[in-house]
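Everything in the sequence shown is counted per our numbering, starting at 10 for the first residue and increasing by one. From the three backbone atoms N, C-alpha and C, an ideal C-beta is built for every residue, glycine too.
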Amino acid sequence: MQARSEETRKRIIAAGVELFDEIGYGGTSLQDLVERAQITKGAFYYHFSTKQAVAVAIIEEAESLFRETVLRVLADTSLSALDNVITLTFVIPQMHVQDKLTQVANKLRQSLAQVSGAGSTAYQQRKEGTFPLLTAALGKAAAAGDIRDGIDVDKLGWTMWATAVGNRLLCDATDADIIGCTADMWEIILPAIVT
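Okay, here's the thing in structure tokens:
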């Protein structure tokens with residue numbers, strides 16, 4: 010893709026992030042996206058066929074950032090595998106607090122899951138692509154003796170993922186401190202799993 014074309018695509022995505030954050034996905038029209046990105050409709054349609062295609066692109070960009078972060082945190086050799094997993098559970102919510110792309114993608118993933126396959130597809134891709142990285146790290150922690158014998162790392166990983174998603178949803182809805190809620194999660198889970 011040419012540099013100018015790539016710049017236009019980035020402007021459309023940035024406009025989507027801003028508008029979906031400000032007025033929501035449902036409140037944003039294609040015309041709103043065109044005006045915010047300061048482009049023609051032809052330029053829009055060159056890159057995206059629909060408003061939903063912009064939403065999917067936002068989710069995909071955030072997912073790429075998420076996966077890069079997971080890989081980076083779990084690859085840290087200065088910490089144990091269990092410490093890396095614990096660190097990851099704080100880094101991801103911090104991204105949600107600080108990164109607008111991540112915030113908007115999370116909202117889009119949740120809302121689109123109700124009306125189209127786009128939201129649930131994103132969760133399925135995470136389950137297939139990123140979730141195994143978490144369970145592999147938990148497996149390393151178990152092999153190192155940091156997790157009690159008999160703990161199923163797949164079930165533990167699923168429980169952690171479900172708790173993290175639930176934490177994010179509830180913290181968003183109630184303006185609770187997501188980092189504090191993550192610490193509370195570990196206060197309950199850690200004594201049950203460590204040796």
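Residue i, DSSP secondary structure in three states
i	result
Ile156	strand
Residue i versus residue j - alpha carbon distance
i	j	result
Trp170	Ile22	27 Å
Asp193	Ser125	34 Å
Pro102	His56	31 Å
Asp186	Leu83	24 Å
Gly159	Leu165	11 Å
Arg135	Glu44	33 Å
Ile242	Ala24	Summary: the structure shown does not reach residue 242, with the chain confined to residues 10 through 204, and so no result is reported for it.
Glu69	Ser14	19 Å
Leu39	Glu27	13 Å
Ser129	Phe140	15 Å
Gly138	Ala131	10 Å
Leu199	Arg81	23 Å
Arg118	Thr86	32 Å
Trp167	Gly51	44 Å
Assigned exposure category for residue i - 16 Cβ within 10 Å defines buried
i	result
Arg18	buried
Ile197	exposed
Val94	buried
Leu97	buried
Lys60	buried
Val79	buried
Val106	exposed
Thr191	buried
Val162	buried
Practice problem: Report yes or no: do the segment 175 to 183 and the segment 144 to 157 share at least 3 C-beta pairs separated by less than 8 Å? | Solution: no
Practice problem: Kindly confirm or deny that the segment 69 to 89 and the segment 111 to 126 touch, where touching means at least three C-beta pairs closer than 8 Å. | Solution: yes
Quiz prompt | Runs of alpha helix (DSSP H) lying entirely within the segment 22 to 56, each at least 4 residues, in chain order | solution = 39 to 46 and 50 to 56
Exercise. Could you say if the segment 53 to 67 and the segment 25 to 37 meet the contact criterion of at least three C-beta pairs nearer than 8 Å?
Key: yes
Self-check item: Segment contact flag, the segment 85 to 93 with the segment 139 to 152, C-beta cutoff 8 Å, min 3 pairs
Solution: yes
Exercise. Just list the beta strand (DSSP E) runs in the segment 103 to 177, keeping only unbroken ones of 3 residues or longer that don't cross its boundaries, in chain order.
Key: none
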